[in-house]
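**Student:** The structure under discussion is supplied below as structure tokens; questions concerning it will follow.
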Amino acid sequence: MEIEYAEFIKCLNGLLKKGANFFLVYFLRWLVKLALRIHSSKKIFI
1065 MEIEYAEFIK
1075 CLNGLLKKGA
1085 NFFLVYFLRW
1095 LVKLALRIHS
1105 SKKIFI
């Protein structure tokens, strides 16, 4: 999971360098972290 996450972040960083919206990338990172937290604890946080 950690390797996949690192690859995903590399992908987002690549998009950022290409001029993607910084806040969109930041939000996507936050969503991934939240999803991993939910997945690892098997609980849903609101």
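Counting with our numbering, you get residues 1065 to 1110 for the letters of the sequence shown.
Every residue gets a Cβ at the ideal spot worked out from N, C-alpha and C, and that includes glycine.
Just so it is clear, the structure is predicted and the values come from calculations on it, not from any experiment.
1. How long is the line joining the alpha carbons of Y1069 and L1080, rounded to whole angstroms?
2. Taking L1076 and R1093 to be in contact with their CB atoms under 8 Å, please state how far apart those CB atoms are, rounded to whole angstroms.
3. Please state the DSSP three-state secondary structure of K1074.
4. K1097: beta carbon under 8 Å from a heavy atom of the ligand GDP?
**Tutor:** Let me spell this out:
1. Here residue 1069 refers to the residue found at position 5 of the sequence shown. Here residue 1080 refers to the residue found at position 16 of the sequence shown. Answer to the nearest angstrom: the Cα atoms are 16 Å apart.
2. In the sequence shown, the residue the question calls residue 1076 occupies position 12. In the sequence shown, the residue the question calls residue 1093 occupies position 29. Between R1093 and L1076 the Cβ distance is about 6 Å, and since that is below 8 Å, they are a contact.
3. One-based indexing of the sequence shown puts residue 1074 at position 10. Of the three classes helix, strand and coil, the one that applies to K1074 here is helix, per DSSP.
4. Here there are no bound small molecules, and the ligand GDP is not part of this structure.
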